[in-house]
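**Student:**
Number of protein chains: 2
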Amino acid sequence: MKWLTEEEQASWRAYVHATTLLEDHLDRQLQRDAGMPHMYYALLTTLSDAPTRRMRMTELAQQTKITRSRLSHAVTRLEKNGWIAREDCPSDRRGQMAVLTDEGYAVLVRTAPGHVTAVRSAIFDRLTPEQVQQLGEISRIIAEGLQPEGADLPWLR
Amino acid sequence: MKWLTEEEQASWRAYVHATTLLEDHLDRQLQRDAGMPHMYYALLTTLSDAPTRRMRMTELAQQTKITRSRLSHAVTRLEKNGWIAREDCPSDRRGQMAVLTDEGYAVLVRTAPGHVTAVRSAIFDRLTPEQVQQLGEISRIIAEGLQPEGADLPWLR
DNA sequence: GCACTTTCATTGAATCTTCAAGAAGTGGAC
DNA sequence: GTCCACTTCTTGAAGATTCAATGAAAGTGC
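Here's what the structure looks like:
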C-alpha cells in the first residue's frame with residue numbers, strides 16, 4: 001500500500017478545492033442566468049453540436065459522461081421547460097431521441113456569452129497557454145483511465 | 001465578448017469529462033466501501049487533521065469549500081452514523097464544534113487505504129511528476145480566483 | 001443600556017442524483 | 001419460430017444539495 005507523497009497530497013487537495021469551488025460557481029452562474037445547473041446546460045450544448053440537434057439517449061449520456069438514469073430525469077425536467085423534446089427512434093423501437101427545441105436553442109444563444117465569460121474569467125484568463133495545454137493533457141489522461149475504452153464493455157455502471 | 005480558442009475548448013471539454021468521471025468514480029468507491037459520498041469522507045479527514053479532531057462549523061465549511069447549509073445537513077447525517085458529534089463552542093455561544101468520534105476515526109483508518117488506492121490509480125499512477133506539479137499549480141490558480149481571499153468578504157454565498 | 005448590523009448555524013421545501021428494479025425491444029443460437 | 005441473454009430507457013424511493021428564511025448571539029455606534 002503506497003501512500004501519497006507530500007506533493008501529491010498537496011496537488012490532490014488543491015484539485016478537490018478547485019473543482020468544488022468551480023462547480024459551485026458555474027452551477028450558481030447558470031442557475032441564475034439560464035435557470036438550470038451546469039450539467040443540464042451541457043446537455044443542451046451537446047445536442048446543439050449534433051448534426052440535426054438530436055441524439056439517442058445513450059449516446060448523449062456517453063458523450064456527457066453521465067448515467068442513463070440521470071439523463072432520463074434531466075431530460076424529463078428539460079422537457080417540462082420546453083427546451084428538449086423526446087422523439088421515438090426510427091431504427092430501434094427501444095430508442096428515444098432527445099431533440100433540442102428552438103426554444104432550447106434560443107436559451108443557449110441568449111446565455112452562452114455569459115457562461116463563456118464565467119468560464120474564461122475563472123480559468124482561461126488566469127492560465128498561460130502552456131497551462132491550458134497541460135490541463136487538457138492531464139484531464140485527458142484521467143478521463144481515459146476512467147472510461148472502459150474497451151469499446152463495448154459496460155461503459156459506465 | 002471573447003470566445004474560447006479551439007485549444008481552450010478542447011481543454012475545457014476534457015476537464016469537464018475528467019471531473020465528472022472522477023467524482024462519480026470516487027463517490028461510488030466510497031459509497032461502497034465507507035458508506036458515504038466523497039464530500040462526507042473529506043469532512044472526516046479534515047477533522048482528523050485538526051489538533052483535537054474538532055473544528056468550528058464555519059471553519060470546517062471554509063476548509064472544505066462548501067456552504068454552511070450543506071455542512072449542517074452533512075453533519076446531521078454523519079451524526080446519525082455516530083461518526084461525528086456536535087459540541088457547543090465554549091467561546092461563542094452561537095458556535096458549534098464538529099467532533100470526529102472514535103468510531104468515525106475508525107472508519108477512516110479502515111477505509112483510507114482503499115481510498116488512497118482509488119485516487120492513486122485514477123490519477124497519480126498515470127501522471128508524471130511534472131504533471132502532478134502542474135495539476136497542483138493550475139488547481140491553486142483556479143481555486144484562488146474563486147475565493148474572496150479578501151479575508152472578510154462574504155467568503156462563499 | 002439600546003438600537004442596529006452582522007455572524008453563526010439550522011431548517012424545510014424544492015430540486016437533483018443514485019440505486020435497484022422493471023417494461024419493452026433486439027438479436028443470436030438453435 | 002422460440003428461447004434467452006442483452007440493450008434501451010424509465011421509474012420511484014432514498015439520499016444529497018441548494019436556496020431563502022429564521023432564531024439566537026455577538027459586535028458596533030452612540
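From first to last, the protein sequence lines are chains A and B.
The letter at position 103 of the first sequence is residue 103 when you use the numbering used here, and the numbering goes up by one with no holes.
The letter at position 114 of the second sequence is residue 114 when you use the numbering used here, and the numbering goes up by one with no holes.
We treat Cβ as the ideally placed atom computed from N, Cα and C, and that holds for glycine.
This structure is a prediction, so every number in the text was calculated from the model and none was measured.
Output the distance between the C-alpha atoms of B:H181 and B:S121, rounded to the nearest integer angstrom.
**Tutor:** Not covered by the structure: residue 181 of chain B. The range shown for chain B is 1 to 157.
**Student:** Do you know how far the Cα of A:P37 is from the Cα of A:E130?
**Tutor:** 30 angstroms
**Student:** Going by DSSP, which residues form a beta bridge with A:D24?
**Tutor:** A:D24 pairs with nothing; no bridge assigned.
**Student:** Mind pulling the alpha helix (DSSP H) runs of 4 or more residues that sit fully within the region 63–114 of chain A?
**Tutor:** 68–81
**Student:** Taking Cβ-Cβ distances shorter than 8 angstroms, what residues in chain B pair up with A:H25?
**Tutor:** L146
**Student:** Thinking C-alpha only, which one of B:M1, B:R140, B:E6 is nearest A:G136?
**Tutor:** Its Cα nearest to that of A:G136, the residue B:E6 stands out among B:M1, B:R140, B:E6.
**Student:** Is A:R140 close to chain B? Criterion is C-beta to C-beta, closer than 9 angstroms.
**Tutor:** yes
**Student:** Mind checking if B:Q96 is an interface residue toward chain A, Cβ cutoff 9 angstroms exclusive?
**Tutor:** no
**Student:** Which class does B:R120 belong to by DSSP, given the choice of helix, strand or coil?
**Tutor:** helix
**Student:** Any C-beta of chain A within less than 8 angstroms: which residues of the region 87–114 of chain B qualify?
**Tutor:** P113
**Student:** Please identify, using Cβ separations under 9 angstroms, the residues of the region 3–27 of chain B that lie next to chain A, in order along the chain.
**Tutor:** W3, L4, T5, E7, E8, A10, S11, W12, R13, A14, Y15, V16, H17, A18, T19, T20, L21, L22, E23, D24, H25
**Student:** Mind reading off the beta-carbon distance from A:M57 to A:L71? Whole number of angstroms is fine, and I expect it under 8 angstroms.
**Tutor:** 6 angstroms
**Student:** Please find out if some non-hydrogen atom of the ligand FMN comes closer than 8 angstroms to the beta-carbon of B:A61.
**Tutor:** No copy of the ligand FMN occurs in the structure displayed, which carries no ligand at all.
**Student:** When DSSP labels each residue in this structure, what does A:R126 get in the three-state scheme?
**Tutor:** coil
**Student:** Could you check the C-alpha separation between B:T67 and B:R93 for me, to the nearest Å?
**Tutor:** 21 angstroms
**Student:** Between the alpha carbons of A:A10 and B:I142, how many angstroms are there, rounded?
**Tutor:** 15 angstroms
**Student:** What is the DSSP secondary structure of A:A18, counted as helix, strand or coil?
**Tutor:** Per DSSP, reduced to three states, the secondary structure at A:A18 is helical.
**Student:** Return the CA-CA distance between B:R110 and B:L30, expressed in angstroms with no decimal places.
**Tutor:** C-alpha of B:R110 to C-alpha of B:L30: approximately 12 angstroms in a straight line.
**Student:** Just the C-alpha distance for A:E79 and A:R28, rounded to the nearest angstrom, thanks.
**Tutor:** Approximately 21 angstroms between the Cα atoms of the pair.
**Student:** Excluding the 5 residues preceding and the 5 following B:I138 in the sequence, name in chain order all residues of the same chain whose CB lies nearer than 6 angstroms to its CB.
**Tutor:** none
**Student:** In chain order, what residues of the same chain lie with their CB nearer than 8 angstroms to the CB of A:F124, ignoring the 5 residues before and after it?
**Tutor:** V132
**Student:** Establish whether the CB of B:S48 and some CB of chain A are separated by less than 9 angstroms.
**Tutor:** With 9 angstroms as the cut-off, B:S48 does not count as an interface residue toward chain A.
**Student:** Identify each residue in the region 29–58 of chain A for which the Cβ-Cβ distance to at least one residue of chain B is less than 9 angstroms, and report them in chain order.
**Tutor:** Cβ contacts with chain B: H38, M39, A42.
**Student:** Measuring alpha carbon to alpha carbon, tell me which of A:L22, A:A85, A:D24, A:A118 ends up nearest A:M97.
**Tutor:** Measuring from the Cα of A:M97, the nearest candidate turns out to be A:A85.
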